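Peer 1: One structure, pasted below without further comment.
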Amino acid sequence: MDIGLAKHLKLNQLRLISVISEHGQLGIAADEMAMTQPAASRMLSEIEQTIGTRLFIRHAKGMEPTLVGQAVARRAHNLLVELRDLAREVDELKEGGGGTTAIGAVTGAAVGFVIPAIQQLRAIAPKAEIDINVDTSDVLVRDLVAGHNDFVLARIPKQYDANEFEIYPARTESVNLLVRKDHPLAHLDVVRVKDLVHFEWVMQSHRAPIREAVEAAFMEERSELPLSITNSTSLLALIAILVSSNAIAPMAREVSDLLVGHKVKADLKTLKLDRKIVMSPYYLLQMRGRQLSPLANQLKRLVLAELEQKPANA
1027 MDIGLAKHLK LNQLRLISVI SEHGQLGIAA DEMAMTQPAA SRMLSEIEQT IGTRLFIRHA
1087 KGMEPTLVGQ AVARRAHNLL VELRDLAREV DELKEGGGGT TAIGAVTGAA VGFVIPAIQQ
1147 LRAIAPKAEI DINVDTSDVL VRDLVAGHND FVLARIPKQY DANEFEIYPA RTESVNLLVR
1207 KDHPLAHLDV VRVKDLVHFE WVMQSHRAPI REAVEAAFME ERSELPLSIT NSTSLLALIA
1267 ILVSSNAIAP MAREVSDLLV GHKVKADLKT LKLDRKIVMS PYYLLQMRGR QLSPLANQLK
1327 RLVLAELEQK PANA
C-alpha cells in the first residue's frame, strides 16, 4: 500500500469501515451513518479501489473482514476514538476544571475503590461529569474496546486477547453471604457451606465469577449444589428478596460491608462461614495505545492509589 494512503481516506470512509466491521452488516452500517445502503456500497467500493484490495468478503449472513480489512478497521476505530477524545479534551481545557470521563467497574470495585477516588477528584475538578458503569466484566470490556469506557476494573473475558490492554494489578474479591437479620442462621457463631444447600438463593447467573466461586465452595465440601436459585444482577431486586424471605445472597465483601454498615443500616446480616469464598481477580484495564484525557488520567491515578492503600481482604 502507498504510504500516502492516509491522505486519500476521509473520516466518513474510515467510520464506514469501522461500523461494517463492528456489525458485519452493510445495511446496519448504512443506517447508523444515516445513508442509503446503495450509497454505503458505493463508498465501500471507492475505498477498496483506493486501497487496491478487498476489505470485506460478502456472504449470505453478512460481511466478514479480510486480513487487510481487519487491520484497516482496527486502525480506523482507534483513530475515530482518538479524535472524539481530542474534541473532549479541548472542551475540558477551554472550560477549566470541567470535562467528562466514563469508567466501568464490577460492583465490589465500584463500591470499594472507584467511588472513594471520585470523591477525591471532586475536590479538584468540581465541574467534571463522571459516568460510572457498573456491570459484568463481559459488558465492561466490550464497552472499553468500543471506546465507551476510558478504563475499567474488570476481569478479562476469554474472548479477548490480553495483549490488547494495558493491565494494572488490582484485587481478588472476597465473598460474603447475606441474609435478613432474623434469618434462622443469622445468629449462629459458625455456619457450614453444606448446611446452606436447601435454602433459597439469589445470585447472578451461570458463568458469573461470584456464582462460580459459590459453586466451587460447595463442590470443595463435596456437597450438592443449591437447586432453588433466583438469577438477578439487580442489587435492588436482591435486597427486596432477602428482606422478605429466607434467601441467601453472595456479595463482594465491599458491597456487603456497605449494606450492613452504619451508613446504610440495611436490615441484613453477614453469615459467619467456617471458610472463605474468593472470586478470581480483576484488574484495571486500559486499551493499549489509547491516550486518556487529563481528567481520566487523574481519576485513574486516584483509583490506583486507593487500591494500593487498602490491603487486600481488609
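Residue numbers for the sequence shown follow the numbering used here, so the first one is 1027 and each next one is one higher.
No residue lacks a Cβ here, since even glycine has one placed at the ideal position from N, Cα and C.
Since we're looking at a predicted model, the values are computed, not measured.
1. For T1296, which of helix, strand or coil comes out of DSSP?
2. Helix, strand or coil for T1256? Go by DSSP, reduced to three states.
3. Which of the three DSSP states, helix, strand or coil, is assigned to Q1312?
4. What distance in whole Å lies between the Cβ atoms of T1092 and I1083, which are believed to be in contact at a cut-off of 8 Å?
5. Output the distance between the C-alpha atoms of M1027 and G1130, rounded to the nearest integer angstrom.
6. Keeping to the same chain, check which residues put their C-beta closer than 6 Å to that of A1340; ignore five residues upstream and five downstream.
7. Give the single residue among V1219, S1163, R1218 and R1314 whose Cα lies nearest to the Cα of I1193.
8. Closest to H1174 by C-alpha separation, out of Q1324, Q1312, L1325 and E1334, would be which residue?
9. Give me, in chain order, the residues of the same chain whose beta-carbon lies closer than 6 Å to that of P1320; leave out the 5 immediate sequence neighbours on both sides.
10. Pairing CB atoms from the segment 1189-1209 with CB atoms from the segment 1302-1311, are three or more of them under 8 Å?
11. Determine, using beta carbons only, whether L1297 and V1240 come nearer to each other than 8 Å.
12. Can you tell me the Cα-Cα spacing of K1295 and A1273, whole angstroms?
13. Under the DSSP definition of a beta bridge, which residues are partnered with H1209?
14. Rounded to the nearest angstrom, what separates I1029 and R1279 at their Cα positions?
15. Return the chain-ordered ranges of every alpha helix (DSSP H) run that is complete within the segment 1067-1133 and spans a minimum of 4 residues.
16. If I measure Cβ to Cβ from S1282 and keep anything under 7 Å in the same chain, skipping five residues before and after, which residues do I get?
Peer 2: So, to answer that:
1. As a first step, residue 1296 must be located in the sequence shown, where it is residue number 270. Under the three-state reduction of DSSP, T1296 is assigned to strand.
2. Start at 1 with the first residue of the sequence shown, and residue 1256 comes out as number 230. Residue state, collapsed to three classes: strand.
3. Working through the sequence shown from its first residue, we reach residue 1312 at position 286. If DSSP states are grouped into helix, strand and coil, Q1312 belongs with the strands.
4. Numbered from 1 along the sequence shown, position 57 holds the residue referred to as residue 1083. Numbered from 1 along the sequence shown, position 66 holds the residue referred to as residue 1092. Yes, they are in contact, since the Cβ atoms of I1083 and T1092 sit about 6 Å apart, within 8 Å.
5. Numbered from 1 along the sequence shown, position 1 holds the residue referred to as residue 1027. Numbered from 1 along the sequence shown, position 104 holds the residue referred to as residue 1130. Below a pLDDT of 50, predicted positions are generally treated as unreliable, and M1027, at 43, falls in that range; no measurement from the model is reported.
6. Locating residue 1340 in the sequence shown gives position 314, counting from the first residue. Residue placement at A1340 is poorly supported in this model, since its pLDDT is 45, which falls under 50; the coordinates still yield a value, given next. No residues qualify anywhere along the chain.
7. As a working mapping, residue 1193 is identified with position 167 in the sequence shown. Of the candidates V1219, S1163, R1218 and R1314, the one whose C-alpha sits nearest the C-alpha of I1193 is R1314.
8. Within the sequence shown, numbered from 1, the residue matching residue 1174 stands at position 148. In this structure, Q1312 is the residue among Q1324, Q1312, L1325 and E1334 with its C-alpha nearest to the C-alpha of H1174.
9. Translated into positions along the sequence shown, residue 1320 becomes position 294. If we look at P1320 and ignore the five residues flanking it on each side, it has no Cβ neighbours.
10. Because the criterion of three Cβ pairs below 8 Å is met, the segment 1189-1209 and the segment 1302-1311 touch.
11. Working through the sequence shown from its first residue, we reach residue 1297 at position 271. Working through the sequence shown from its first residue, we reach residue 1240 at position 214. Cβ distance not < 8 Å, so L1297 and V1240 don't count as in contact.
12. Counted from its first residue, the sequence shown places residue 1295 at position 269. Counted from its first residue, the sequence shown places residue 1273 at position 247. Their Cα atoms are separated by approximately 12 Å.
13. For the purposes of this step, residue 1209 is taken as the residue at position 183 of the sequence shown. DSSP lists no bridge partner for H1209.
14. Taking the first residue of the sequence shown as 1, we reach residue 1029 at position 3. Taking the first residue of the sequence shown as 1, we reach residue 1279 at position 253. With a pLDDT of 44 at I1029, under the threshold of 50, the modelled position of this residue cannot be trusted; read the value that follows with caution. The alpha-carbon atoms of I1029 and R1279 are separated by roughly 54 Å.
15. 1093-1121, all fully within the segment 1067-1133.
16. For this step, residue 1282 is matched to residue 256 along the sequence shown. Exclusion of the five residues before and after S1282 leaves N1202, L1204 and T1296 as the residues of its chain whose Cβ lies within less than 7 Å of its Cβ.
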